[in-house]
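To start, the structure itself, in structure tokens.
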Amino acid sequence: MSKVDLEYLRTWVGKEVIDEDVLDVRHARLMAATLGLSQQDVRAGVPMQPLWHWLYFLQGLPPSELGQDSHPARGGFLPPVPLSNRMWAGGQLEFAQPLRLGAHVRKSSSVMSVDHKQGRTGDLVFVTVRHEVDQDGRPALTELHDIVFKDPTPPTASASADEPARPTPTHVEQFTPDSTTLFRYSALTFNGHRIHYDHDYCREVEGYPSLVIHGPLNATLLAMLAQRVAGKPLRRFKYRGLRPALLGQTLRLEAAPDPEDGDGLLLWAVLANGQVCMQASANF
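Residues in the sequence shown are numbered from -5 upward in steps of one, following the working numbering.
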């Protein structure tokens, strides 16, 4: 019998929070350093790299208000889903204008939906949050963020996901994050989730054999690749995580023209065994 009380969890739909921030140049330079990029052009007034807005609007709570996983305890903005593992399932973004470093920004976030599904290994609860970011008083970005909650996957259970068919890539890059990369990205996003730095917690509580590479970091790498390949700013970006990527794995970042959209790209983050951990699409 499911332990998920969907009717109760759906009372969180419509809950809203509003925050303001400044797209600080120093913080962006630290992100560039984390990815091994030049900091020379990271200065006030220039467009920020896509998805780097996740470095801002950071929530800082005291230890007493954190859950076992060191994320903010559930029951505040997000519903108190009674499943231990929390992951970025995916999302989609629309860009009305480039976010520029140094700008004043305002974000409105609201819980859009809470849905329950039965997965291969048990209950899954999907929570969709809508974010709207204004820059200097004008709309800049709209984002739908999908979060999935689940119980730990037993070590003997299959971790398979439907493998997407994909064409031969026209652009390929590689990225090999190490423990310092994960530490720095966690620090830059003020992400205390223990799956990114606590080996014992990963193995004993959430069932992962090693530290987990951040889903938003994978999405950021694909969005940046898309913009480099196209040579113009993103208009839409959609991504979906298919399986975790673990520390020690090299990510192969692939891009190919979208056969259904001449102006679009399809993108994948691929593990060494050929399995896709994240897929995405981009329009310009």
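Virtual Cβ for every residue (Gly too), placed ideally from N, Cα, C.
Neighbourhood of residue i by C-beta, 6 Å cutoff - its chain only, sequence neighbours within 5 removed
{"i": "P171", "result": "I207"}
Inter-residue spacing [alpha-carbon to alpha-carbon] between residue i and residue j
{"i": "R197", "j": "S64", "result": "16 Å"}
{"i": "R234", "j": "G84", "result": "4 Å"}
{"i": "G54", "j": "G61", "result": "13 Å"}
{"i": "S78", "j": "L118", "result": "11 Å"}
{"i": "H125", "j": "T164", "result": "33 Å"}
{"i": "V16", "j": "R37", "result": "13 Å"}
{"i": "E254", "j": "L87", "result": "19 Å"}
{"i": "A67", "j": "R80", "result": "12 Å"}
{"i": "Y202", "j": "N212", "result": "18 Å"}
{"i": "D128", "j": "A134", "result": "5 Å"}
{"i": "T162", "j": "Q243", "result": "22 Å"}
{"i": "K(-3)", "j": "L3", "result": "12 Å"}
{"i": "S180", "j": "L52", "result": "11 Å"}
{"i": "G39", "j": "L216", "result": "24 Å"}
{"i": "R230", "j": "F89", "result": "6 Å"}
{"i": "T136", "j": "N267", "result": "35 Å"}
{"i": "K101", "j": "I12", "result": "6 Å"}
CB contact flag (residue i, residue j, <8 Å)
{"i": "T214", "j": "L31", "result": "no"}
{"i": "F278", "j": "D257", "result": "yes"}
{"i": "A250", "j": "L219", "result": "no"}
{"i": "F169", "j": "L245", "result": "yes"}
{"i": "G209", "j": "W82", "result": "yes"}
{"i": "S275", "j": "K232", "result": "yes"}
Residue i Cβ short of 7 Å to the ligand NAP heavy atom set
{"i": "T5", "result": "Absent from the structure shown: the ligand NAP. Ligands present: none."}
Close beta carbons around residue i, own chain, < 8 Å, minus the five adjacent residues each side
{"i": "L49", "result": "H21, A22, M25, L182, T183"}
{"i": "L240", "result": "Y202, P203, S204, L205, V206, I207"}
Rounded distance between the beta-carbons of residue j and residue i, thought under 8 Å
{"i": "A224", "j": "L259", "result": "7 Å"}
{"i": "D145", "j": "G116", "result": "5 Å"}
Same chain, Cβ closer than 7 Å to residue i, neighbours up to 5 away in sequence not counted
{"i": "L236", "result": "A155, V270, C271, M272, Q273"}
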